[in-house]
Amino acid sequence: MYDPGQFPTLEPFVNGGLPQNGNVERHLEAFEQDVLRVIPDRNYSGLAVIDFEHWRPVFRENWSKLEPYREESRRQVNSQHLFWTKNQIEAEATRRFEAASFAFFRKTLERAKRLRGKALWGYYSFPYCFNFNPKNPGMRCTQDVQEDNDRSKWMWDTSDALYPSVYFSEKDMTERKRAKLIQGRVQEGARIASKKNKRLYVYTWFKYQDTREFVSQTDMRSNLIVPRKYGADGVIIWGSTKDVNTRQKCSQLLNYLRTVIGPAVRHLNTAKNFDSVSEEDNEV
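Okay, so the sequence shown: first residue is 417 according to the working numbering, each after it adds one.
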């Protein structure tokens, strides 16, 4: 479910903009209608994924294009406390934001489970890892990120399954690095899932994020074998309507399914190990 209900967002401006300014009940009422429309079968027992990416519930994880949520939160606190220090403003902005953001995420899951209790509910891309980025070029999630994930136990307690994402780029990465990216994110998901006895399903895409070209056969094998090796219950191969909105794209995807995805699945059924993925933690 993409952007269900009325989560507060700044662009477009919806329900107060910031979670601490939003109305949870208004959101839940809209969310309930979306669930009933998208999942009319009350006995549905499959995967149920909430995809909301405008902001992240942990305050300090809202960087880059999500930075406006931190900036506006600080501005509101500063306008009410003109003589506070930056540290005081940061602490209060964090407190207000997370008190509200955690409530939005948790209550949304609770409402979802009440409506379709047999489904495996969870949030797309969680838990995050943020490996292989400028601040963390290695495979492992940083200690800060793991601490944030541990602080988010309320989410794992309420979720039925975890749905981390392992999308990757083509440029500036080797096939080995892409396999390591998958490994690091799956291992963090498995760390959380094992603590909470939850299912773990890994989201991947058959295209590279940057070039939008089909991923290579080796990378597709990584997409399937690495999650299995490190504890995932399954892999979700995502695609959008834009991938199949012309006759040519449909033909290209069919050919890719036959020549790359199909053979990768057959290889998965026979492979015991994946040679390009070793046990060394951060060697790339």
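Glycine is no exception: its CB is placed at the ideal position from the N, C-alpha and C atoms.
{"Item": "Determine the direct distance from the alpha carbon of Pro679 to that of Pro428, and round the result to whole angstroms.", "Value": "43 Å"}
{"Item": "Pick helix, strand or coil for Lys502, following the three-state DSSP scheme.", "Value": "helix"}
{"Item": "Taking its Cβ as the centre, do 16 or more other Cβ atoms sit within 10 Å of Gln422, making it buried, or is it exposed?", "Value": "buried"}
{"Item": "Within 8 Å, do at least three Cβ pairs link the segment 601 to 617 to the segment 556 to 574?", "Value": "yes"}
{"Item": "Between the alpha carbons of Phe622 and Thr634, how many angstroms are there, rounded?", "Value": "12 Å"}
{"Item": "Assuming Gln436 and Phe518 make a contact with CB atoms under 8 Å, what is their CB distance in whole Å?", "Value": "With a Cβ gap of about 11 Å, Gln436 and Phe518 do not count as contacting."}
{"Item": "Just confirm the distance between the C-beta atoms of Leu684 and Arg615, as a whole number of angstroms; I'd bet it's less than 8 Å.", "Value": "About 19 Å separates the two Cβ atoms, so there is no contact after all."}
{"Item": "Give me the Cα-Cα distance between Gln562 and Ile505, rounded to the nearest whole angstrom.", "Value": "25 Å"}
{"Item": "If contact is defined by three or more beta carbon pairs under 8 Å, each pair taking one atom from either stretch, is the segment 441 to 460 in contact with the segment 488 to 495?", "Value": "no"}
{"Item": "Give me, in chain order, the residues of the same chain whose beta-carbon lies closer than 6 Å to that of Val582; leave out the 5 immediate sequence neighbours on both sides.", "Value": "Ile598, Arg601, Val618 and Thr620"}
{"Item": "May I ask which residues mark the beginning and end of the beta strand (DSSP E) holding Arg556?", "Value": "Where Arg556 is concerned, there is no enclosing beta strand (DSSP E), given that its DSSP letter is neither H nor E."}
{"Item": "Can you tell me whether Ser694 is helix, strand or coil according to DSSP?", "Value": "The predicted position of Ser694 is uncertain, since its pLDDT is 49 and thus under 50; a value taken from the coordinates is nonetheless stated next. Coil at Ser694, not helix or strand."}
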